[in-house]
Amino acid sequence: MADYDITDISLAGAGKKRIDWADREMPVLRLIRERFAQERPLKDKRFVACAHVTTETANLARTLQAGGAECVLIASNPLSTQDDVAASLVSDYGIPVFAMKGESTETYNRHVRTALDTKPEIIIDDGSDVVATLIKERPDQVKDIVGSTEETTTGIVRLEAMATAGVLTFPAMAVNNAQTKHFFDNRYGTGQSTLDGIIRATNILLAGRNVVVVGYGWCGKGVAMRARGMGANVIVTEIDPIKAIEAVMDGFRVMQMAEAARIGNIFITVTGNRHVIDESHFADMRDGAIVCNSGHFDLELNLDALKSLSAESVNRRPFVEEFALKSNGNRIVVLGEGRLINLAAAEGHPASVMDMSFANQALSAEYLIKNQGELTPGVHMLPKEVDQEIAALKLKSLGVSIDTLTAEQLEYLSSWETGT
Ligand SMILES: NC(=O)c1ccc[n+]([C@@H]2O[C@H](COP(=O)([O-])OP(=O)(O)OC[C@H]3O[C@@H](n4cnc5c(N)ncnc54)[C@H](O)[C@@H]3O)[C@@H](O)[C@H]2O)c1
194 MADYDITDIS LAGAGKKRID WADREMPVLR LIRERFAQER PLKDKRFVAC AHVTTETANL
254 ARTLQAGGAE CVLIASNPLS TQDDVAASLV SDYGIPVFAM KGESTETYNR HVRTALDTKP
314 EIIIDDGSDV VATLIKERPD QVKDIVGSTE ETTTGIVRLE AMATAGVLTF PAMAVNNAQT
374 KHFFDNRYGT GQSTLDGIIR ATNILLAGRN VVVVGYGWCG KGVAMRARGM GANVIVTEID
434 PIKAIEAVMD GFRVMQMAEA ARIGNIFITV TGNRHVIDES HFADMRDGAI VCNSGHFDLE
494 LNLDALKSLS AESVNRRPFV EEFALKSNGN RIVVLGEGRL INLAAAEGHP ASVMDMSFAN
554 QALSAEYLIK NQGELTPGVH MLPKEVDQEI AALKLKSLGV SIDTLTAEQL EYLSSWETGT
């Protein structure tokens, strides 16, 4: 096996500086790294980590390494790799990386297979591509797996489907489902970084624009909240009546996509679902409408349909492709090829939220090893106390202190006799 497959090793210096910069905002992960260096709980375990190769992921990889893991890193999306970070991980930390920004789907899949060739015992996954490939193509390797961890909502949906189909024969930790992950990473992280990606790609003013947020889950709530903060008129589309009421009561206009398509200026999909903006929607859009996705896979926009509706397409700027419709000449602008725009055109989530997400990753890996042979196959959560501990450490690092229950309050909360 080659030692690595990256764009340019000479970018390492710039990558190292940025990794150090992110580390300043990751105090919880740093504490875990310091403890791991002492205790070496991951000693000699073979890890494959599939993640967006960003500065924050570099600090996770350093933490796994400090814990004694032998770790190989691959990208979880063809457009999300930061090439300078990949170079620094190889050059400064000796971590094999197989990831290049803009790699083809074929190369992406080859890297997944190269990583599996290292016979991992633990898989850190983001979107479940490594676990799915393992189960489909390497059934003989499954017995060596201690467990996996999963970073994102879409990956958990796939793991649940594998469990239902009876093919998930090892424990998988649902990192995304920890409160210290999705409450913050999906909401505030995606909220800020998605707008960051749109603005870096287009330099467009959001104030006064109709921004259509497709999906009002954790990511959608964050995007809608932050777009409103920038002065946009936010419209939400949903398929879940409860989420839709929530959006209404949060003060957003809620309507069907067919209606929103006619009035939106900027469309942002965050559903984890397929073709939520489809052929008929593209056909009805205004001239100049901007369309992008921040959900995990690049299937939320039906780009094949858009291509067949279009006479031509032109690249206007990096990550900005403009299609001209045959029917009326209207121009539809697609950002980042429909891949997660916060990682394609910006840098992904700020380090401060990834601090908690990756603390969950590191502790989940430790948990799998500590409990090897004890956990049933299927999807597991980290114990609630670990979530609370991560939150407590984060608060401490922010210099925020909170109250604790008094003995009287504790007694009251555990009793039932006292009423009216
Ligand atoms: N860009 C990032 O960095 C980033 C970060 C975290 C999560 N994600 C990904 O973003 C996606 C959403 O994650 P989440 O945590 O918000 O999930 P979620 O389950 O909390 O929310 C998804 C929402 O989309 C809605 N939805 C589904 N189909 C729809 C449709 N056709 N039209 C309108 N709404 C629809 C669902 O009802 C749900 O409310 C997932 O793919 C996840 O993996 C991306």
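Mind the numbering: the sequence shown is residues 194 to 613 in the working numbering, read in order. A virtual CB, placed ideally from N, CA and C, is assigned to each residue, including glycine. Since this is a predicted model, take the numbers as computed values, not measurements.
If you scan the region 233-269 from start to end, which runs of the alpha helix (DSSP H) of 4 or more residues do you find wholly inside it? 248-259
Report yes if the CB atom of Glu314 is closer than 7 Å to the CB atom of Lys236, and no otherwise. The residue you call residue 314 lines up with position 121 of the sequence shown. The residue you call residue 236 lines up with position 43 of the sequence shown. No, the pair does not count as a contact, with Cβ atoms beyond the cut-off.
From the DSSP output, read off the bridge partner residues of Glu505. The sequence position of residue 505 within the sequence shown is 312, counting from 1. Looking at the DSSP assignment, Glu505 forms a beta bridge with Ala517.
Note down the Cα distance separating Ile199 from Ala207, rounded to an integer number of angstroms. Numbered from its first residue, the sequence shown carries residue 199 at position 6. Numbered from its first residue, the sequence shown carries residue 207 at position 14. Those two C-alpha atoms are separated by around 15 Å.
Does the distance between the C-beta of Asn466 and the nearest non-hydrogen atom of ligand 1 fall short of 6 Å? If you number the sequence shown from 1, residue 466 lands on position 273. Under cutoff, so the answer is yes.
Could you check whether Ala420 and Val404 sit closer than 7 Å to each other, using their CB atoms as the reference points? As a first step, residue 404 must be located in the sequence shown, where it is residue number 211. As a first step, residue 420 must be located in the sequence shown, where it is residue number 227. In this structure, Val404 sits near Ala420, with a CB-CB distance shorter than 7 Å.
Evaluate Trp609 with the Cβ neighbour count: other Cβ atoms within 10 Å of its Cβ, from every protein chain shown; 16 or more gives buried, anything less gives exposed. The residue labelled residue 609 in the question sits at position 416 within the sequence shown. Trp609 should be labelled exposed.
Any 3 or more C-beta pairs closer than 8 Å across the region 423-435 and the region 475-483: In this structure the region 423-435 does not touch the region 475-483; the number of beta carbon pairs closer than 8 Å is below three.
For Tyr197, count neighbouring Cβ atoms within 10 angstroms of its own Cβ and tell me buried if that reaches 16, exposed if not. Against the sequence shown, residue 197 aligns to sequence position 4. Per the 10 Å Cβ criterion, buried.
Near ligand 1: Glu431 beta-carbon under 6 Å from a heavy atom: Taking the sequence shown and counting its residues from 1, the one referred to as residue 431 is at position 238. Indeed, a heavy atom of ligand 1 lies less than 6 Å from the Cβ.
Is the beta carbon of Cys243 less than 7 Å from the beta carbon of Asp310? Here the question's residue 243 lines up with position 50 in the sequence shown. Here the question's residue 310 lines up with position 117 in the sequence shown. It is not a contact, given that the beta carbons lie outside the stated cut-off.
Ends of the alpha helix (DSSP H) at Ala600? Numbered from 1 along the sequence shown, position 407 holds the residue referred to as residue 600. Element bounds for Ala600: Ala600 to Leu606.
Hey, quick one: how far does the beta strand (DSSP E) through Pro364 stretch, first residue to last? On the sequence shown, position 171 is the one that residue 364 refers to. Pro364 to Ala367 is the span of the beta strand (DSSP E), which, as asked, contains Pro364.
CB of Ser203 to nearest heavy atom of ligand 1: below 6 Å? Within the sequence shown, the letter at position 10 stands for residue 203. Not under cutoff, so the answer is no.
With which residues is Arg510 paired in a DSSP beta bridge? Against the sequence shown, residue 510 aligns to sequence position 317. DSSP, once it has assigned bridges, lists Val513 as partnering Arg510.
His542, enclosing alpha helix (DSSP H) - first and last residue: By 1-based counting over the sequence shown, the position of residue 542 is 349. Looking at the DSSP string, His542 is not in any alpha helix (DSSP H), and its letter there is neither H nor E.
Touching or not, the region 496-503 and the region 327-336, by the rule of three or more beta carbon pairs under 8 Å? no
Per DSSP, Asn403 forms a beta bridge with which residues? Position 210 of the sequence shown, counted from the first residue, corresponds to residue 403. Answer is Asn426.
Cut-off 8 Å between Cβ atoms - residues of its own chain near Tyr286, not counting five sequence neighbours on either side: As a first step, residue 286 is located in the sequence shown; it is residue number 93 there, counting from the start. Listed in chain order, the non-local C-beta contacts of Tyr286 below 8 Å within the same chain comprise Ala251, Ala254, Arg255 and Gln258, local neighbours out to five positions each way being set aside.
Along the beta strand (DSSP E) that carries Ala358, what are the first and last residues, could you check? To locate residue 358, count along the sequence shown from 1; it is residue 165. Unbroken run through Ala358: none, as it is neither H nor E.
Please classify Glu610: does DSSP put it in a helix, a strand, or coil? Along the sequence shown, one-based indexing puts residue 610 at 417. Three-state DSSP puts Glu610 in coil, outside helix and strand.
What number of angstroms, rounded off, separates the C-alpha of Thr248 from the C-alpha of Leu398? To locate residue 248, count along the sequence shown from 1; it is residue 55. To locate residue 398, count along the sequence shown from 1; it is residue 205. If you take the alpha carbons of Thr248 and Leu398, they lie about 28 Å apart.
Any heavy atom of ligand 1 closer than 6 Å to the Cβ of Gly592? By 1-based counting over the sequence shown, the position of residue 592 is 399. Not so, every heavy atom of ligand 1 lies at least 6 Å from the Cβ.
Give the secondary structure of Thr395 by DSSP, where H, G and I count as helix, E and B as strand, and everything else as coil. Counting from one through the sequence shown, the residue named residue 395 turns up at place 202. Here Thr395 sits in helix by DSSP.
Whole angstroms are fine: how far does the CA of Ile595 sit from the CA of Glu514? Counting from 1 along the sequence shown, the entry for residue 514 is found at position 321. Counting from 1 along the sequence shown, the entry for residue 595 is found at position 402. Near 49 Å, if we compare the C-alpha coordinates of Ile595 and Glu514.
Would the region 357-377 count as touching the region 570-586 if we require 3 or more Cβ pairs under 8 Å? yes
What are the boundary residues of the beta strand (DSSP E) that includes Thr342? Here residue 342 is taken as the residue at index 149 of the sequence shown, counted from 1. Element bounds for Thr342: Gly340 to Glu343.
Looking only at its own chain, which residues have a Cβ that is under 6 Å from the Cβ of Phe291, when we skip the five neighbours before and after it? Translated into the one-based positions of the sequence shown, residue 291 becomes position 98. Closer than 6 Å at the Cβ level, and outside the excluded window around Phe291, lie Asp198, Ile267, His304 and Thr307.
I want to check one thing, is the minimum distance from the CB of Leu533 to the heavy atoms of ligand 1 below 6 Å? One-based indexing of the sequence shown puts residue 533 at position 340. Under cutoff, so the answer is yes.
Residues in the same chain with beta-carbon distance under 6 Å from Gly390, minus the five sequence neighbours each way, listed in chain order, please. Residue mapping note: residue 390 aligns to position 197 of the sequence shown, counting from 1. Excluding residues within five positions, the ones whose Cβ falls inside 6 Å are Ile534, Asn535, Ala538 and Ala539.
Do you know offhand how far Ala400's Cα is from Leu204's? Residue numbering aside, residue 400 sits at position 207 when the sequence shown is read from its first letter. Residue numbering aside, residue 204 sits at position 11 when the sequence shown is read from its first letter. So the alpha carbons of these two residues sit roughly 37 Å apart.
Are the region 218-233 and the region 545-563 touching by the rule of at least three beta carbon pairs closer than 8 Å? yes
Tell me whether Ala354 is buried or exposed, calling it buried when 16 or more other Cβ atoms sit within 10 Å of its Cβ. Here residue 354 corresponds to residue number 161 of the sequence shown, with the count starting at 1. Ala354 comes out exposed.
Determine which residues share a DSSP beta bridge with Ala482 and list them. By 1-based counting over the sequence shown, the position of residue 482 is 289. According to DSSP, Ala482 bridges with Ile525.
Distance, Gly457 Cα to Asp471 Cα: Within the sequence shown, the letter at position 278 stands for residue 471. Within the sequence shown, the letter at position 264 stands for residue 457. Taking the straight line joining both Cα atoms gives about 14 Å.
DSSP puts Val447 in a beta bridge; with which residues? Indexing the sequence shown from 1 puts residue 447 at position 254. In the DSSP output, where bridge partners are listed per residue, Val447 has Val429.
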